[in-house]
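Engineer:
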Amino acid sequence: MTNQTRQTLANCLLSVPGCDNVIMIWDVGAGQGVISIDETHTDLIYSVAWNPSGSLLCTSCKDKKIRIIEPRSGNIQVVSLLVPPTCTRALFIWDFSSSM
46 MTNQTRQTLA NCLLSVPGCD NVIMIWDVGA GQGVISIDET HTDLIYSVAW
96 NPSGSLLCTS CKDKKIRIIE PRSGNIQVVS LLVPPTCTRA LFIWDFSSSM
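For what it's worth, this note's numbering labels the leading residue of the sequence shown as 46, then goes sequentially.
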């Protein structure tokens with residue numbers, strides 16, 4: 046599993062994928078969880094990455110799907126299957142010119 050830190054002007058946020066299929070976003074400065082995303086994954090979450098603006102999360106899951114999630118609402122923006130079915134790793138690439 047991979048976790049990732051995102052620095053914001055107000056604080057430092059840490060996204061942590063859990064073995065319980067939940068992503069917890071922590072406010073490191075306050076030492077507390079601020080957002081729990083718990084209904085988006087059906088299996089073990091392998092990794093989490095923030096987009097450059099901090100507005101979206103990208104996750105890879107044991108169910109072989111990549112999800113783009115709006116972390117404040119927990120809404121899934123995009124779901125894509127990893128190909129081929131035997132794929133065990135994911136590489137996240139962000140389009141820095143996109144408004145997404």
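Glycine residues also receive a C-beta, built at the ideal position from the N, C-alpha and C atoms. Predicted model only: the values in this text are computed from it and were never measured.
1) With DSSP collapsed to three states, give me the class of residue 89.
2) Which residue from 92, 84 and 113 puts its Cα closest to that of residue 59?
3) Could you say which of 118, 67 and 74 lies nearest to residue 86 if we only look at CA atoms?
4) Among 103, 76 and 95, which one has its Cα closest to the Cα of residue 125?
5) Considering Cα atoms alone, identify which of 81, 57 and 106 is closest to residue 117.
6) Report yes if the CB atom of residue 111 is closer than 9 Å to the CB atom of residue 122, and no otherwise.
7) Apart from the five residues on each side of it in sequence, which residues of its chain come closer than 8 Å, Cβ to Cβ, to residue 79?
8) Just to check my reading of the structure: residue 108 and residue 83 have Cβ atoms closer than 8 Å, yes? What is that Cβ distance to the nearest angstrom?
Structural biologist: Reading from the atomic positions:
1) Here residue 89 sits in coil by DSSP.
2) Checked all of 92, 84 and 113; the closest Cα to residue 59 is 92.
3) When the alpha-carbon of residue 86 is set against those of 118, 67 and 74, the nearest one is in 67.
4) Of 103, 76 and 95, the residue nearest in Cα terms is 103.
5) Minimum Cα distance to residue 117 is reached at 81.
6) No, these two residues do not count as a Cβ contact at 9 Å.
7) Counting only Cβ-Cβ distances below 8 Å, and skipping sequence neighbours, we find 58, 70, 71 and 72.
8) Rounded, the Cβ-Cβ distance is 15 Å, inconsistent with contact.
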